[in-house]
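Numbering (the working numbering), first residue to last: 96 to 363.
From the three backbone atoms N, C-alpha and C, an ideal C-beta is built for every residue, glycine too.
Okay, so here's the structure we're looking at.
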Amino acid sequence: MLLRCLLFVLNLNMLLRLLIAVICALVLSDGFAQEKNQPTVDELVAKNIEAKGGASALRELGTLRLTGKLLVQEGQIQLAFLQVKKRPDEVRTEASLQGMTQIEACDGKEGWKVSPFFGRRDPERMSADDVKALLEDAEMDGPLADWQAKGNTVEYLGTEDVDGTPAHKLKVTRKNGDVSFVYLDPEHFLEIRVVTQRTRHGAYEEVETDLGDYEKAGGVFVPTSIEVGGKGAPDKQRIIIDKVEANVPLDDTIFHFPGQIGLPQPQR
Numbered sequence: 096m097l098l099r100c101l102l103f104v105l106n107l108n109m110l111l112r113l114l115i116a117v118i119c120a121l122v123l124s125d126g127f128a129q130e131k132n133q134p135t136v137d138e139l140v141a142k143n144i145e146a147k148g149g150a151s152a153l154r155e156l157g158t159l160r161l162t163g164k165l166l167v168q169e170g171q172i173q174l175a176f177l178q179v180k181k182r183p184d185e186v187r188t189e190a191s192l193q194g195m196t197q198i199e200a201c202d203g204k205e206g207w208k209v210s211p212f213f214g215r216r217d218p219e220r221m222s223a224d225d226v227k228a229l230l231e232d233a234e235m236d237g238p239l240a241d242w243q244a245k246g247n248t249v250e251y252l253g254t255e256d257v258d259g260t261p262a263h264k265l266k267v268t269r270k271n272g273d274v275s276f277v278y279l280d281p282e283h284f285l286e287i288r289v290v291t292q293r294t295r296h297g298a299y300e301e302v303e304t305d306l307g308d309y310e311k312a313g314g315v316f317v318p319t320s321i322e323v324g325g326k327g328a329p330d331k332q333r334i335i336i337d338k339v340e341a342n343v344p345l346d347d348t349i350f351h352f353p354g355q356i357g358l359p360q361p362q363r
């Protein structure tokens, strides 16, 4: 009887060890399968570029002009909005209301602004930190295209919920030290959110940009709904683009710091 009990206990222990081994094997194989099925950085970047229209169309996009409106204070105030970009890294943004126009521009090296809403009607040169932000805004392809050539690093961080969408999350560390988290729609692989972390004037800032309503211009898909603000901020600026124009002629002088009062205006 005692021998029978001992054999039963031994068999039970063997069964338990076998069961544990099987469970561990299943868990490990499942984890391996999940890791194997995860997309790589190169795959996601390639899908993103293809979704935008393809590498060839992006390369052929030399200029871009966006016309629309800027809504602030939860839409209570509406300003006319205009942004023009020219390769490689020129950008000029205008917001107009009641005969006054706020301007921020960069020629790829130097940035400047006019701030009439703050009583500053003459052009002023911008700080290096502000210029850094403008140069990032000047990118027509986004931070993922040619990321290696730009000196950036990109990591895939899995998926994260973006307003109910399990978006692919990529961490882009720029050559200048700024970090952007790029969220790609899992179905279309276009950017739906970008969160940028940087230090400006000695203070840490985190800017969240939501993108949507993509429209095609010059063979490239461009977002026409843009919401920008501090991460988690309830009141974000909303930009609605009514017209997208690709490869329009733009004079370089509109991006340069004016040599005199009376600023050159972009062709509308």
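DSSP state of Glu185 mapped onto helix, strand, coil: Secondary structure of Glu185 (DSSP, three-state): strand.
Taking only runs of the beta strand (DSSP E) that begin and end inside the segment 252-319, which ones reach a length of at least 3 residues, in chain order? Segments of the beta strand (DSSP E) lying fully in the segment 252-319: 260-268, 274-279, 286-295, 298-312.
For the beta strand (DSSP E) containing Ala341, list its first residue and its last residue. Start and end: 332-341.
Contact test: Tyr278 Cβ vs the ligand SAM heavy atom, cutoff 7 Å: The ligand SAM is not part of this structure, which contains no ligands at all.
Cα-Cα separation, Arg187 to Lys245: Roughly 22 Å between the two C-alpha positions.
Taking the beta carbon of Lys204 as the centre, do at least 16 other beta carbons fall within 10 Å, making it buried, or is it exposed? With fewer than 16 other Cβ atoms inside 10 Å of its own Cβ, Lys204 counts as exposed.
Can you list, in chain order, the stretches of the beta strand (DSSP E) that have 3 or more residues and sit fully within the segment 143-220? Within the segment 143-220, the complete beta strand (DSSP E) runs of at least 3 residues are 158-167, 172-181, 185-192, 195-201, 206-210, 215-220.
Assign Met235 to one of two classes, buried (16 or more other C-beta atoms within 10 Å of its C-beta) or exposed (fewer than that). Buried: at least 16 other Cβ atoms inside 10 Å.
Leaving out the 5 sequence neighbours to the left and right, which residues in its chain are closer than 6 Å to Ser275 when beta-carbon positions are compared? Answer for Ser275: Pro238, Val267, Val289, Thr291, listed in chain order.
Using only alpha-carbon positions, find the residue among Ser210, Cys201, Asp184, Ile287 that is nearest to Ser191. Looking from the CA of Ser191, the closest CA among Ser210, Cys201, Asp184, Ile287 belongs to Ser210.
With DSSP run on the structure shown, which of helix, strand or coil describes Glu234? Note: Glu234 maps to coil in three-state DSSP.
What whole-angstrom Cβ distance do Ala152 and Val315 have, given they're in contact under 8 Å? Yes, Ala152 and Val315 are in contact; Cβ-Cβ is about 5 Å, under 8 Å.
Identify every residue that forms a DSSP beta bridge with Ile321. Note: Ile321 sits in a beta bridge opposite Leu306, Ile334.
Burial state of Met221 (16 or more Cβ within 10 Å): Classification for Met221: buried.
What does the alpha-carbon distance come out to for the pair Pro218 and Phe212? So the two alpha carbons sit approximately 13 Å from each other.
Anyone know if the C-beta pair for Tyr309 and Val317 falls short of 8 Å? In this structure, Val317 lies closer than 8 Å to Tyr309 by Cβ.
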